[in-house]
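S.K.: Quick one: the structure is below, and I'll ask about it shortly.
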Amino acid sequence: MSMTESKEQDQLLKRINELAHKNKTEGLTPAEKAERKKLRDQYLKNFRAAFRSNIEMMQIFDKNGKEVTPEKVKAIQRKKGLRDD
167 MSMTESKEQD
177 QLLKRINELA
187 HKNKTEGLTP
197 AEKAERKKLR
207 DQYLKNFRAA
217 FRSNIEMMQI
227 FDKNGKEVTP
237 EKVKAIQRKK
247 GLRDD
């Protein structure tokens, strides 16, 4: 995740937490509930994309140093030009 993406995630999370606190203390208006849903959806979308990217970049090795990365991940890495084999 880049610095820009991290900063965006931090801002989303900050606003989500503000709305959660307000919901517990005084309740949310319908507009705020819609905003909360939109922010949560965006946060999850960004999280999933970053997590997928991390998995796709990963190489797995056993105790003997032999690569045991799943073929599905290897195929994605080849498609993205991350592997030469």
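Take 167 as the starting number for the sequence shown in our numbering and just add one per residue.
Glycine included, every Cβ here is placed at the ideal spot set by N, Cα and C.
#1: Could you name the residues that DSSP lists as bridge partners for Phe227?
#2: Quick check: the segment 230 to 241 against the segment 213 to 220, are at least 3 beta-carbon pairs closer than 8 Å?
#3: Is Thr195 helix, strand or coil by DSSP?
#4: If you draw a straight line from the alpha carbon of Arg206 to that of Arg181, how long is it in whole angstroms?
#5: What distance in whole Å lies between the Cβ atoms of Leu248 and Tyr209, which are believed to be in contact at a cut-off of 8 Å?
M.R.: Let me spell this out:
#1: Answer is Glu233.
#2: With the cut-off at 8 Å, the segment 213 to 220 and the segment 230 to 241 do not touch.
#3: Reduced to three states, the DSSP call for Thr195 is coil.
#4: Distance between the alpha carbons of Arg206 and Arg181: 10 Å.
#5: No, Tyr209 and Leu248 are not in contact; Cβ-Cβ is about 27 Å, not under 8 Å.
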